[in-house]
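Protein chains in written order, with our numbering: chain L, 1 to 806; chain S, 1001 to 1437. Backbone N, C-alpha and C define an ideal beta-carbon position, used for all residues, glycine too. Here the structure is a predicted model, which means the values were calculated and not measured.
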Amino acid sequence: MTTLALAIAINVQASDYYVATTDLNIRSGTRVSFQVLHVLEKGDTVLVLDSINSVWAKVQYKDVVGFSSTKYLQKIDFLETPKVDNSNIPSISSIAFLVFLSGVMMLLILVNSYRNKTLASLISLFYGAFGFQKFYLGQTNKGILSVLFCWTFIPMVIGLFDFISLAAMNKSTFNYKYNNGVAGKKQTLKKENEIDKNDADFTIEIKPSSLTVKRRGINFDDTIIDVSSTSFDTSIDQLEFSEEDDKEVPHWDHTYIYSNSEIEYANREQKKFYQNFRTKFLKFEKTDIQGYTNYAFILYFDLLEDFEKHQDIKLLEKQFELLVSICPETGHYAFASLTEKLRSRSDQYSNDRLKEFLEPSYQFEHGYSQYDPDLYKLGNRYKDKLSLSKQEISWLNKFYDPTNVFTSIQGCSVAVIKLYLKTLNQLNDTNGFGDLSLNENLDALFKEVIIEEKLKFDPQYEVEDRAYSFHRMEEAVFLSIFKLVENEVRLKFRHKRKLSIDSFYPYHNSTPIFEKRFAEPIKKCLSENLDTIDKPDSQTESALNALNVTRWKDEFLIITDSFHPDRVVQFRKKVGKLLDVNKDNPNIEKILYESAKYIAKYSKVDALKYYAMYHLSNFTVNKFSPKELPKSVNKILFEKEGQIAEFKLVIKELLRTSNTKKAFASLSQFYVPKRKIIELDKTEIKRVEEKHEGTVNLLSEYMEVEEVEENVEILKESNSTYSSQIIRGIEMNEIQEELVKRIISNSFQIHQDDVAELALENGMFKNQLIDSINELCSELLEGEALIEEDEENYIIEESYYKEIAL
Amino acid sequence: MALKIKAKEATSIINSLAGGVVPRIGVQHITVGRKLEIEAFTAALDDVVNGHSIVKFWIGDFGSGKSFILHLLNTVATKQKFVVSNADFTPENRLYANDGKAVALYSAIMDNVAIQTKPEGGALPTLLDKWIEQVVSKTALANNISITEIREERYFELIQRNISETINEVTDTGGFDFGVVVIKYYEGYIKNDDHLRRSALKWLKGEYRTKTEARQDLGVREIVNDLNYYDMLKNFCRLFVSIGYSGFMINLDEAINLYKISTSTMRAKNYEKILTIFNDCFQGKVSNLFINFAGTKEFLDNERRGLFSYDALKTRLETNRFETTEYRDLAQPVIKLVPLDHNEIFVLLKKLKEIFDFNFNIKSNITEQDIHTFMEEMFNKNGADEFLTPREVIRDFVNILSILRQNPDIDKLKLISEIEISDERPNESVFDSIEEL
């Protein structure tokens, strides 16, 4: 009841407060020629004491009283806070009953402002069935419950319990519990009974209408403490001031402070410190309260109370900023109160200010909150790394980091951000959105969205609701842009999957508008800028390859397309690079396999190496069954039999030891024909030589065998022989001698017919003649024939002849 | 070890080997690692001289030394006063045929008859002349007619009778026609009728294709044909022995061509012929005949197409079951030639170097180590496994020695490393195209 009354009083009072809409002079008279007493800043609140005419008004700003132009003063209209009843409307009978009860209660309260223990126990004994002792002890709610449930007799039992407990309780405990620790006789300091009443069992009144903070989704206490309901005649003034050294902050256990009146419960020292603290604070001096937040909270309430008097929102803001810097714990209460105050004022300044307040990051930036909503947003994370401008940071902070597998790769993330910022910068600088700047376009979009989505705003909280909606839209816009950009980068980086861009959440109906206003120009701009994206660095490549297991295929195709048989080394290098950036690729063995397959035609050793690596890279995988190379490739690689087996041995060894160096070394030598070492056995050689000696002798024996021809005798009979004239050591007859002579003279050959003639003349046959000569000479020639047949001629080997010639 | 070699042998060896052929003389000096084979062969030769007949199968793969052994046989046998003949089986030459292919083989054999004074073959007329002269001088001696007179017309009958007598002694089957032709030859010899002599030779060589032709020229009703050529060979063998030669040696190479005969019946008939010869020789039906077959392993022991496909031959030719690589039985008809091992080749090369030095009377700057290096180089060349043969090793070695002799300053190791070898094998694709029946 009193709350309501007070609120109305303030409203009436506050109707004389005005706010400066611009910087405004306060003059000593009603003309511009008068001296300027003070310059009001925009948003300063003045008290209009008297309006002189339509142009000038007598105003008071702090201690200054002067005249200002009304043109630049805007009246502050305090908005009515709609009242909502706490209780359901009860039936008439119950109302009557309640009236009766409350009458009894009031009576009791009035009579017994100081609660007597004895009385209390007696009431609980006799009237326990109706819960009267609860009323008496100030536990009104419990009392009402007891009355309502009196027919169950449970309250009676409770009453009996209460009686026993109250009777057993000693007086000091009773006083502490029910009389705020004040003994009955010292009750002189007591001020207002409400305070006492609320003291032990303080209740917080909740105004459902002030739950806007919850709607904004900020982590914030649901409750707003109604601090305006009580007014205090604080006794602070009465306390002595002392210029004592206040370095030592008096200890004050942390309690929950609900109003500035709690200073009452402070001890002397504490009060003294508070006075000191307050005085300094009002002079904007900072005092360290050493973590005793109670002082700060009391001051907070004090400041609020002061504000009701001066209505200077700017001052309040400044004070609160200082307060928060002294005691951060007060931050969110201060912010909530400020917002509340701003909302309740209708002037332009307050409106603008409120809007600013509603910026998501405002609280953190001005110290009202320890929590930085942008902490994990992209702008904050990359501002140093990419040395971003303020604008760029804010563009990035518009939305929460939409982390996904692609952007979690830093290189990709950076590329997306760069392109995103570049695009936005470009569009913003050139007014790329249909000749609108980015912000103008956002506003335009918002207007259209409101229409499209038929958004309705609660008039009471319109500013906030609008801001809230706008922020949501803004987030959606920038996030969508970011996703568009990301998709382009994904495409450029050959990331397999594209991001699906949802419809324009949460304003799905407005998707076409968004498309028209933002997506299209963005896409256009993107396609122009696409080439400026840096190629992914090796780290990024490898991360991308780990995600996209077939990404290497394109690059491999490029390598093979540009391949030239003379440049196997280059191929090796390129594939090496490819393998390097694919080291995290779970399918890396496929690259090795393909490489082996491809290079087999040109460099068998390389093919073998790749194939060996293929085996090794897959070795750790369970149930790995290595794929055989295609038959055609196998044919190239393993021409000879046994080479496959040899290769398999190398692989086996490699898999056992994982010693690639050794395996490569042996593979490099794979096609070099194995040099066969010929081992010679000395003793064996000796044996062979001996055997050979035997053979030579045997054969010589056979080849030099001489047979005694019988027909020689025949010749001997018919012809007398004499020692040969031309050949030494043998005896020849005339004809033989004649024949040899003839042959020799005829350059070692003679026609067979001539021999036949000669033989005939001498009564011999030519064959016999020749044979007989050969016979004679064979011993000298070691079995060789002196005269041999040659076609139609007989010939004598010249060398043979010389050997035996005289 | 002092080298007991004659200068002309050395020259012959170096010249022949540089050309890749087996030398005619001095071959014993390069016969390394063939002791057992030579022993077996000489023993066989002795047997043949003493009137036995022998058939030997020299079985060995490419590069195992078949050709060398055959050459060696040739040389030694010639020296041993054998009449020697070489012939190769070809698709046109076989042991058994009814389309003249067997006679073709016979013709080839008779064409290549060689004796010491005529080692290149074609010695048949010489042999006949010799024989006739023998008969004539014998007749002259027996009838006290001077050698100049006996050629006169009036003694013709006498000599003819004597010839017939000798022919009857040495021939059995087909002996009559053989005798008639020989007499015709004598007639031509005495009368200096060249046409008659040539016709007679043509008949003896089996070059008459039709009987009519033969009758026109010589007046005989029969010719040498596919069926009776073997008898003719036997007749010749006896004739040669009667002239005074130790025996008749026939070397038949490339027996794989029998293996390649596509129809199994024809193949079997050829193998049957071999069996006949084999039986004749070892049963003593024919004397002083020495027949050598040379062929690859397949020819011998392929159960489907080789000699072993013919059971009668298989049982006769099967390897002595107790033979091992270490203890070999070379008295058996089949002698398997084993390629020379490294030690043997080393000895051979060493020997060659000595011969070379002896021949040119120099001291080649080739150490044993160099020979070793050379061998390694050779065996490590591309394809050495498949087709390197001692022939090539030897030829290249001799060539290197030759170059070194003429250019003493050249880097021998460089020379060695530059050797290239080529495939000298017969074209294997011929084998592949044979259709299996």
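Best match in the options for proximity to residue i [C-alpha to C-alpha]
i, options, result
"residue 609 of chain L", "L/601, L/619, L/618 and L/592", "L/592"
"residue 1229 of chain S", "S/1035, S/1391, S/1104 and S/1040", "S/1104"
"residue 1335 of chain S", "S/1025, S/1054 and S/1238", "S/1054"
"residue 37 of chain L", "L/439, L/62, L/685 and L/19", "L/62"
"residue 1219 of chain S", "S/1181, S/1305, S/1207 and S/1362", "S/1181"
"residue 787 of chain L", "L/759, L/762 and L/749", "L/749"
"residue 368 of chain L", "L/327, L/386 and L/340", "L/327"
"residue 254 of chain L", "L/278, L/298 and L/481", "L/298"
"residue 335 of chain L", "L/625, L/437 and L/319", "L/319"
"residue 1091 of chain S", "S/1118, S/1276, S/1261 and S/1212", "S/1261"
"residue 477 of chain L", "L/502, L/631 and L/494", "L/502"
"residue 1161 of chain S", "S/1149, S/1146, S/1144 and S/1132", "S/1132"
"residue 492 of chain L", "L/452, L/595, L/663 and L/415", "L/415"
"residue 614 of chain L", "L/604, L/607, L/589 and L/602", "L/589"
"residue 20 of chain L", "L/667, L/30 and L/68", "L/68"
"residue 796 of chain L", "S/1292, S/1135, S/1118 and S/1223", "S/1118"
Presumed contact (8 Å Cβ cut-off) between residue i and residue j, rounded CB distance
i, j, result
"residue 1416 of chain S", "residue 1374 of chain S", "5 Å"
"residue 696 of chain L", "residue 1080 of chain S", "About 17 Å separates the two Cβ atoms, so there is no contact after all."
"residue 1038 of chain S", "residue 699 of chain L", "6 Å"
"residue 1317 of chain S", "residue 1333 of chain S", "6 Å"
"residue 1008 of chain S", "residue 1025 of chain S", "7 Å"
"residue 485 of chain L", "residue 419 of chain L", "5 Å"
"residue 287 of chain L", "residue 301 of chain L", "Their Cβ separation, rounded to whole angstroms, is 17 Å, which puts residue 287 of chain L and residue 301 of chain L out of contact at 8 Å."
"residue 1363 of chain S", "residue 1357 of chain S", "6 Å"
"residue 1089 of chain S", "residue 1302 of chain S", "Residue 1089 of chain S to residue 1302 of chain S, Cβ: 16 Å. No contact."
"residue 602 of chain L", "residue 565 of chain L", "5 Å"
N-terminal and C-terminal residue of the alpha helix (DSSP H) that residue i is part of
i, result
"residue 613 of chain L", "604 to 619"
"residue 263 of chain L", "Counting along the chain, residue 263 of chain L falls outside any alpha helix (DSSP H), and DSSP gives it neither H nor E."
"residue 334 of chain L", "331 to 344"
"residue 1131 of chain S", "1124 to 1143"
"residue 77 of chain L", "Segment: none, residue 77 of chain L is in no alpha helix (DSSP H) and carries neither H nor E."
Where residue i sits in the DSSP three-state scheme
i, result
"residue 169 of chain L", "coil"
"residue 805 of chain L", "strand"
"residue 395 of chain L", "helix"
"residue 58 of chain L", "strand"
"residue 378 of chain L", "helix"
"residue 303 of chain L", "helix"
"residue 407 of chain L", "coil"
"residue 751 of chain L", "strand"
"residue 794 of chain L", "strand"
"residue 38 of chain L", "strand"
"residue 581 of chain L", "helix"
"residue 1033 of chain S", "coil"
"residue 1179 of chain S", "helix"
Endpoints, beta strand (DSSP E) assigned at residue i
i, result
"residue 1308 of chain S", "Residue 1308 of chain S -> no beta strand (DSSP E), and no H or E assigned at all."
is_contact[residue i, chain C] using C-beta, thresh 8 Å
i, result
"residue 699 of chain L", "Among the protein chains of the structure shown, namely L and S, there is no chain C."
_Quick test of the definition: if touching needs 3 or more C-beta pairs under 8 Å, does the stretch 1289 to 1308 of chain S touch the stretch 1054 to 1062 of chain S?_
Pairwise C-beta distances place the stretch 1289 to 1308 of chain S in contact with the stretch 1054 to 1062 of chain S, as three or more of them are shorter than 8 Å.
*For the stretch 313 to 320 of chain L and the stretch 262 to 276 of chain L, state whether three or more C-beta atom pairs, one from each stretch, are separated by less than 8 Å.*
By the Cβ rule, the stretch 313 to 320 of chain L does not count as touching the stretch 262 to 276 of chain L, because fewer than three pairs are nearer than 8 Å.
*Touching or not, the stretch 114 to 128 of chain L and the stretch 136 to 146 of chain L, by the rule of three or more beta carbon pairs under 8 Å?*
Segment contact: the stretch 114 to 128 of chain L against the stretch 136 to 146 of chain L, three or more CB-CB distances shorter than 8 Å; contact assigned.
*Take every Cβ of the stretch 533 to 542 of chain L, pair it with every Cβ of the stretch 406 to 417 of chain L, and state whether three or more of those distances are shorter than 8 Å.*
A contact exists between the stretch 533 to 542 of chain L and the stretch 406 to 417 of chain L.
*Stretch-stretch touch, CB-based, cutoff 8 Å, three pairs: the stretch 1262 to 1275 of chain S with the stretch 1088 to 1097 of chain S*: Contact between the stretch 1262 to 1275 of chain S and the stretch 1088 to 1097 of chain S is present, because at least three Cβ pairs lie under 8 Å.
*Touching by the beta-carbon criterion (3+ pairs, under 8 Å), the stretch 1233 to 1247 of chain S and the stretch 1158 to 1173 of chain S*: With a cut-off of 8 Å, the stretch 1158 to 1173 of chain S and the stretch 1233 to 1247 of chain S count as touching, because enough Cβ pairs lie within range.
*asked:* Using 8 Å as the cut-off, can you tell me whether the stretch 1251 to 1259 of chain S makes contact with the stretch 1131 to 1142 of chain S, which would need three or more C-beta pairs spanning the two stretches below that distance?
replied: The way I'd put it, the stretch 1251 to 1259 of chain S doesn't touch the stretch 1131 to 1142 of chain S; fewer than three beta-carbon pairs between them come closer than 8 Å.
_Can you confirm whether the stretch 456 to 465 of chain L touches the stretch 418 to 435 of chain L when touching is taken to mean that 3 or more C-beta pairs between the two stretches lie within less than 8 Å?_
Contact between the stretch 418 to 435 of chain L and the stretch 456 to 465 of chain L is not established, with fewer than three Cβ pairs separated by less than 8 Å.
*Touch test, the stretch 348 to 362 of chain L against the stretch 460 to 480 of chain L, Cβ-Cβ under 8 Å, three pairs minimum*: Taking a cut-off of 8 Å for Cβ pairs, the stretch 348 to 362 of chain L and the stretch 460 to 480 of chain L touch, as three or more such pairs fall below it.
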